[in-house]
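**Q**
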Amino acid sequence: MDDKEYEDSDDIYNEGILLLQRRDDADLKKAVELLSGACSLGHIPAKRVVGLLYLDGIGVEQDLRKAYDLISEAAAHLDPFAMYALGKMYEGGVGVEQNDREALYMFAFASEMGIPEAREDAERISARIAERRDRRLRSRPILNLEISDIDIEAVCCRKMFDAVMKGDIEVAERRNGTELIREGEDGFEVICSECPFCGKPVKRVSKNKIY
Ligand SMILES: [Zn+2]
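Heads up: the sequence shown begins at 27 in my numbering, then just goes up one per residue.
#1: Classify Leu104 as helix, strand or coil using the three-state DSSP reduction.
#2: Is DSSP giving Leu206 helix, strand or coil here?
#3: On the premise that Gln124 lies in contact with Tyr116, defined as a C-beta separation below 8 Å, what is that separation, rounded to the nearest angstrom?
#4: Could you tell me whether any non-hydrogen atom of ligand 1 is closer than 7 Å to the CB of Lys73?
#5: When you compare the CB positions of Leu45 and Ala57, do they come within less than 8 Å of one another, or not?
#6: Suppose contacts are defined by Cβ-Cβ distances below 8 Å. Is Asp105 in contact with Pro71 by that definition?
#7: Let me check understanding here. Comparing Cα to Cα, which of Glu179, Glu99, Lys114 and Cys183 lies closest to Ala150?
#8: Let me make sure I understand the geometry here. Which of Asn170, Glu179 and Ser174 has the alpha-carbon closest to that of Leu163?
#9: From the DSSP output, in three-state form, read off Pro71 for me.
#10: For the putative contact between Cys183 and Cys224, defined by C-beta atoms under 8 Å, what is the C-beta separation to the nearest angstrom?
#11: Can you determine whether any heavy atom of ligand 1 sits closer than 7 Å to the C-beta of Leu171, and answer yes or no?
#12: By DSSP's criteria, Ala180 is part of a beta bridge. Which residues make up the other side?
#13: Hey, how far is the Cα of Asp147 from the Cα of Phe133?
#14: Candidates Asn202, Leu206 and Ser165: which alpha carbon is nearest Ile236's?
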């Protein structure tokens with residue numbers, strides 16, 4: 027790296043960030059060198075920062091693949107800023123295939139971990155997902171209660187249709203996969219195997235099923 031002695035990867039990272047903030051070319055070059063060094067020592071915030079440099083092509087040639095690899099690695103270690111950045115990448119389809127659900131997951135997590143602007147992003151995507159689901163359900167016949175591993179795909183009766191549209195009944199990720207849940211007075215209850223209104227069984231289908 028250079029002749030200077032560093033205590034540990036935090037030390038290298040901190041020096042790199044200082045240089046990065048100065049924003050002149052020689053410092054930027056040195057900052058990238060130090061931060062990349064911290065990355066190879068497994069420093070998680072350094073991975074996020076270098077990932078962001080690759081994302082924007084600052085101090086390095088833009089490389090979306092490298093950006094994705096580094097930022098998602100930091101996000102996997104629950105670095106909240108990395109999760110937020112990854113959410114933006116998923117939402118925009120930048121360096122990774124567009125995926126609103128992944129984006130929502132990242133924003134929701136980042137928001138819980140104290141990134142205030144992530145909440146608004148989570149709400150926006152959440153509303154978009156719900157809108158798409160509502161449109162889908164309206165265009166499908168009321169026949170069977172069908173859920174995929176990501177959402178409610180079809181409903182069995184008018185009452186269930188109304189409950190889903192109102193958001194009283196939705197799907198939730200559970201340990202054993204997706205389950206239908208109903209918001210009750212004290213938390214939510216899982217609807218195990220049949221419609222509480224008409225008694226039709228819950229069928230599990232592929233999210234790609236054609237109706
Ligand atoms: Zn029903």
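Note that CB positions come from ideal geometry on N, CA and C, so glycine has one too.
**A** So, from the listed chains and residues:
#1: Here Leu104 carries a coil assignment [DSSP, helix/strand/coil].
#2: For Leu206, the secondary structure class from DSSP, reduced to helix, strand or coil, is strand.
#3: 7 Å
#4: No.
#5: yes
#6: yes
#7: Note that residue 150 is Arg in the sequence shown, not Ala. The residue with the shortest Cα to Cα distance from Arg150 is Lys114.
#8: Taking the Cα of Leu163 as reference, the smallest distance to any Cα among Asn170, Glu179 and Ser174 is reached at Glu179.
#9: helix
#10: 4 Å
#11: Within the cutoff, so yes.
#12: For Ala180, which the question treats as bridged, DSSP gives the partners Glu172.
#13: 6 Å
#14: Ser165
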